[in-house]
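Below is one structure, written out as structure tokens; the observations come after it.
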Amino acid sequence: MTLALEIVLVIAAVLMTVFVLLHKGKGGGLSSLFGGGVQANLSGSTIVEKNLDRYTVIITLIWLVCIVGLNLIQTFAA
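With the first letter of the sequence shown counted as 1, position 77 gets the number 675 in our numbering; the numbers rise by one all the way through.
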């Protein structure tokens, strides 16, 4: 059980990192440094961006559940 949670945790962490990096830059921070600030925001949030937000939240919840589960296993297995 612990091994399965650890594997899911690693996969969720990698997917969460990828999904966060896929998001469109919204501010004038580092994204504008590399040319992200040049693009005009024509239509606001698109369907793809909304789905990406949903997937990111779902993966984050899976990641958090894995962390809590591993902590509970470690606490009560001793």
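Heads up, the beta-carbon is just placed ideally off N, CA and C, and yes, glycines get one too.
{"Item": "Check Gly-623 in the structure and name its three-state DSSP category.", "Value": "coil"}
{"Item": "Grab the span of the alpha helix (DSSP H) containing Thr-673 for me, first residue to last.", "Value": "645-675"}
{"Item": "Would you check if the distance between the CB atom of Met-599 and the CB atom of Trp-661 is smaller than 8 Å?", "Value": "no"}
{"Item": "How about Glu-604 and Leu-650: do their beta carbons lie closer than 8 Å?", "Value": "no"}
{"Item": "Look at the alpha carbon of Val-663 and the alpha carbon of Phe-617, and state the distance between them as a whole number of angstroms.", "Value": "18 Å"}
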